[in-house]
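Engineer: Residue 352 in the numbering used here is what sits at position 184 of the sequence shown, and the numbering runs on without skipping anything.
Note that CB positions come from ideal geometry on N, CA and C, so glycine has one too.
Remember, it's a predicted structure, so these values are computed and weren't measured experimentally.
The structure is given below, and queries will be raised subsequently.
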Amino acid sequence: KLLVPDFPTIAYIRGDGVGEDIFPEAKRVFDSAVEKAFGGNKKIDWLRLLAGEEAFKFKENYLPDETINSISEYLLAIKGPLMTPVGESFRSINVTLRQKLDLYACVRPVEYFEGIESPMKAPEKVDMTIFRENTEDIYAGVEFATGSSEAHQLIDFLEQTLKVTAIRFPKTSAIGVKPVSIEGTKRLVESAFDYALKNGKKRLTIVHKGNIMKFTEGGFRKWAYEVAEQYPSFTKLIYDKIKKEKGKKKAEEEKAAAMQAGKIYVDDVIADNFLQQIILNPQNFEVIATLNLNGDYISDALAAQVGGIGIAPGANINYKTGHAIFEATHGTAPDIAGLNQANPSSLILSGVMMFDYLGWHEVAQTIRKALFYAFKAKECTRDLGGSLSTSEFADILIKYIKEA
Ligand code: ATP
Ligand code: MG
């Protein structure tokens, strides 16, 4: 749906710490893949934006308005890691950027590359994309400290109106409240469905803890199933209904027919069971739609299955406005910053997501293949057991891109 000019302006934020090591190298890889795919006919017009330490140095502001305004204007940005300033009025630069642009979907593809060490017996079975709701849940919630007057008032209120016993709410309780809304849930789940359709995925799983939190997480489950009704789908709810009325054989037949007709199978799994299932049966999952906190746990658990922090890419997207920030998911890694040792793969794979988002699929594919060849030949940085520096690794990727 995006109208992409031949010379699109793409904003970038280099990032703090290892951002200085990985960004220039990733950029070389991106430019070489674009050149390979289009000759000189299409090209990225890179627009450097300041954020983080660099911005503070030049502008005395960790997140200058110009940076937000430019991303707002040009829609897309790609960024390295930013450190979280201590004692500032905002939680973190990353969170502020997401909030200002209302980037409600955190998208994390988890894909295994042959040659990379994994704790899984059969890591090649891991191939999923997580859609984590990015604006609600406890991240937008409030907490009241032990002994605070708000906590006391709430406890009194609960005891009086709801007849909650003092045993469940001792006077020393700290209290937390979290929002999960219909619109917040639906827009996230819609983006997961759109992605599934566009990428030929056959299964979408709703992950929640609705057995314990009936209205918040249970609401997420309910509204997600409502969204399924607007898409070519066959849900577990329908399956169960047929099974109850006409037997299991009939339910299986109808499911098979629906799958045959290209529908997406939609079910839901309780979060704790899900964390077990992704280790035991990762092949059963393709697209995941989940709440903010569950998504946080799941993203890290899944990233660890395929090589961890150095190679897990991510994006934060508002599919309605088109705004998207693609980013390395790891931190600033100050222990190896400036040493030309960091692994640029997380940022490079975020670039792959960006090119797919732009519709420049051949560019994305060329880079993905180069990574595939490099990892298969065990050509990688130290964190993955190799001996290459950041720039040597980029050189090798560029070699594979040119040979492709
Ligand atoms: P921050 O406070 O910004 O999160 P951090 O020290 O927690 O910084 P992380 O990025 O979370 O840094 O990294 C944790 C560990 O993983 C560190 O030892 C770091 O060196 C390593 N690490 C992180 N990113 C990379 C990378 N791209 N390549 C190699 N090692 C990395
Ligand atoms: Mg960290």
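1) Distance check for GLU327 and GLY476, CA to CA, integer angstroms please.
2) Nearest-angstrom Cα distance between ASP436 and GLU454?
3) Which residues mark the beginning and the end of the beta strand (DSSP E) in which ASP295 is found?
4) Restricting to runs no shorter than 3 residues, where is the beta strand (DSSP E) found entirely within the segment 184-229?
5) Along the chain, where does the alpha helix (DSSP H) containing PHE531 start, and where does it finish?
6) Looking at the unbroken beta strand (DSSP E) that takes in TYR433, where does it start and where does it end?
7) With a threshold of 16 other CB atoms inside 10 Å of the CB of ILE380, please say whether the residue is buried or exposed.
8) Could you name the residues that DSSP lists as bridge partners for LYS247?
9) Is it buried or exposed for ASP503, if we count other Cβ within 10 angstroms and need 16 for buried?
10) Pull up the CB-CB distance for ILE432 and ILE239, whole angstroms please, since I reckon it's below 8 Å.
11) Any idea what DSSP makes of PRO291, helix, strand or coil?
12) Helix, strand or coil for SER401? Go by DSSP, reduced to three states.
13) Assuming ARG371 and GLY378 are in contact, meaning their beta carbons sit under 8 Å apart, how far apart are those beta carbons, in whole angstroms?
14) According to DSSP, is ASN262 part of a helix, a strand, or is it coil?
15) Measuring only from the beta carbon, is ASN237 closer than 7 Å to any heavy atom that is part of ligand 1?
16) Give me, in chain order, the residues of the same chain whose beta-carbon lies closer than 7 Å to that of ASN209; leave out the 5 immediate sequence neighbours on both sides.
17) Would LEU271 and ASN486 qualify as a contact pair, given that the criterion is a beta-carbon distance under 8 Å?
18) Along the chain, where does the alpha helix (DSSP H) containing LEU372 start, and where does it finish?
19) Which residue wins for smallest C-alpha separation from ALA562, given the options PHE226, SER514, THR303?
20) Among ASN237, ILE456, PRO192, which has the Cα closest to the Cα of ILE438?
21) How many angstroms separate the CA atom of GLY344 from the CA atom of GLU311?
22) Taking Cβ positions, are ALA471 and VAL278 nearer each other than 8 Å?
23) For LEU330, count the other beta carbons within 10 Å of its own beta carbon; 16 or more makes it buried, fewer makes it exposed. Which is it?
Structural biologist: This is what the structure holds:
1) Within the sequence shown, residue 476 is the residue found at index 308, counting from 1. Within the sequence shown, residue 327 is the residue found at index 159, counting from 1. For GLY476 and GLU327, the distance between alpha carbons rounds to 46 Å.
2) In the sequence shown, the residue the question calls residue 436 occupies position 268. In the sequence shown, the residue the question calls residue 454 occupies position 286. Cα to Cα, ASP436 sits roughly 13 Å from GLU454.
3) As a working note, residue 295 is residue 127 in the sequence shown. Its beta strand (DSSP E) spans residues 295-301.
4) 213-216
5) Start at 1 with the first residue of the sequence shown, and residue 531 comes out as number 363. Inspection of the sequence shows that residue 531 is occupied by Val rather than by Phe. First-last of the alpha helix (DSSP H) with VAL531: 529-544.
6) The residue labelled residue 433 in the question sits at position 265 within the sequence shown. Looking at the DSSP string, the run of the beta strand (DSSP E) that includes TYR433 is 432-438.
7) Within the sequence shown, numbered from 1, the residue matching residue 380 stands at position 212. ILE380 is exposed by the Cβ-count criterion.
8) What you label residue 247 is simply residue 79 of the sequence shown in a count that begins at 1. ILE181, GLU495, per the DSSP bridge assignment.
9) Within the sequence shown, the letter at position 335 stands for residue 503. The residue in question, ASP503, is exposed, as its Cβ has fewer than 16 Cβ neighbours within 10 Å.
10) What you label residue 432 is simply residue 264 of the sequence shown in a count that begins at 1. What you label residue 239 is simply residue 71 of the sequence shown in a count that begins at 1. About 32 Å separates the two Cβ atoms, so there is no contact after all.
11) Mapped onto the sequence shown, residue 291 falls at position 123. Helix, per DSSP.
12) One-based indexing of the sequence shown puts residue 401 at position 233. SER401: strand per DSSP, three-state reduction.
13) The count along the sequence shown starts at 1 and reaches residue 371 at position 203. The count along the sequence shown starts at 1 and reaches residue 378 at position 210. With 8 Å as the limit, ARG371 and GLY378 do not qualify as a contact, their Cβ atoms being about 19 Å apart.
14) As a first step, residue 262 must be located in the sequence shown, where it is residue number 94. Helix at ASN262.
15) Along the sequence shown, one-based indexing puts residue 237 at 69. ASN237 Cβ: outside cutoff for every heavy atom of ligand 1.
16) Against the sequence shown, residue 209 aligns to sequence position 41. Taken in chain order, the residues that qualify are ASP174.
17) Against the sequence shown, residue 271 aligns to sequence position 103. Against the sequence shown, residue 486 aligns to sequence position 318. It is a contact, given that the beta carbons lie within the stated cut-off.
18) Residue numbering aside, residue 372 sits at position 204 when the sequence shown is read from its first letter. First-last for LEU372: 371-376, but that is the beta strand (DSSP E), not the alpha helix (DSSP H).
19) Mapped onto the sequence shown, residue 562 falls at position 394. Of PHE226, SER514, THR303, the residue nearest in Cα terms is SER514.
20) Position 270 of the sequence shown holds residue 438. The shortest Cα separation from ILE438 among ASN237, ILE456, PRO192 belongs to ILE456.
21) Walking along the sequence shown from the start, residue 344 turns up at place 176. Walking along the sequence shown from the start, residue 311 turns up at place 143. One C-alpha to the other measures close to 4 Å.
22) Residue mapping note: residue 471 aligns to position 303 of the sequence shown, counting from 1. Residue mapping note: residue 278 aligns to position 110 of the sequence shown, counting from 1. Yes.
23) Position 162 of the sequence shown, counting from 1, holds the residue named residue 330. Counting Cβ neighbours within 10 Å, LEU330 comes out exposed, since fewer than 16 surround it.
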